[in-house]
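Numbering-wise, the sequence shown is residues 4 to 116 according to the numbering used here.
The beta carbon of each residue, even a glycine, is placed where N, CA and C say it ideally should be.
Shown next, in structure tokens, is the structure this report addresses.
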Amino acid sequence: MTILLIMAGAFLGAIARFGVGQLMKAWSASAFPWATLFVNVSGSFGLGYLSSHTTYASLLLFLGVGFFGSLTTFSTLKLELMRFTSKDWFHFGMYLMATYLFGLIAAYIGWHL
Numbered sequence: 004m005t006i007l008l009i010m011a012g013a014f015l016g017a018i019a020r021f022g023v024g025q026l027m028k029a030w031s032a033s034a035f036p037w038a039t040l041f042v043n044v045s046g047s048f049g050l051g052y053l054s055s056h057t058t059y060a061s062l063l064l065f066l067g068v069g070f071f072g073s074l075t076t077f078s079t080l081k082l083e084l085m086r087f088t089s090k091d092w093f094h095f096g097m098y099l100m101a102t103y104l105f106g107l108i109a110a111y112i113g114w115h116l
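Here it is in structure tokens:
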């Protein structure tokens, strides 16, 4: 059942991300990644809200892992960073720096291969 909940949520999250991308392309010819910005910010909000307002494991799997995980992984990063802020600013800074630095390096390498 766990796998099915995650799969169903991920399917819907991927379709939502695609739909937002299509709508944004029709709305704006800008080279700025408005669709990605929108799904990352809204996904961060949604995952943060869900994580702090529900204890239902099925809902967390379907929406949190499946839908928001498929819509964006940016929301998970932000939630993980928020968990550091109350107790461990050193690891907060290291995780933030490593995520963006290594992410950019990996994107650069992938872009140029």
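- For Ser61, the number of other beta carbons within 10 angstroms of its own is below 16, and it is reported as exposed.
- DSSP places Phe21 in the uninterrupted alpha helix (DSSP H) bounded by Thr5 to Trp30.
- Bounds of the alpha helix (DSSP H) holding Tyr98 are Trp92 to His115.
- Under the Cβ criterion (8 Å, minimum of three pairs), the region 70 to 77 counts as touching the region 16 to 24.
- Taking all protein chains shown into account, Ser78 has 16 or more neighbouring C-beta atoms within 10 Å of its C-beta and is therefore buried.
- Between Trp92 and Leu64, the alpha-carbon positions lie close to 28 Å from each other.
- In this structure, DSSP gives Phe35 a state outside helix and strand, which the three-state scheme calls coil.
- By the beta-carbon neighbour count (other beta carbons within 10 angstroms, threshold 16), Lys28 is exposed.
- Here Thr102 is actually not in contact with Leu82; their C-beta atoms are around 13 Å apart, not less than 8 Å.
- Taking every protein chain shown into account, the CB of Gly69 has 16 or more other CB atoms within 10 angstroms, so this residue is buried.
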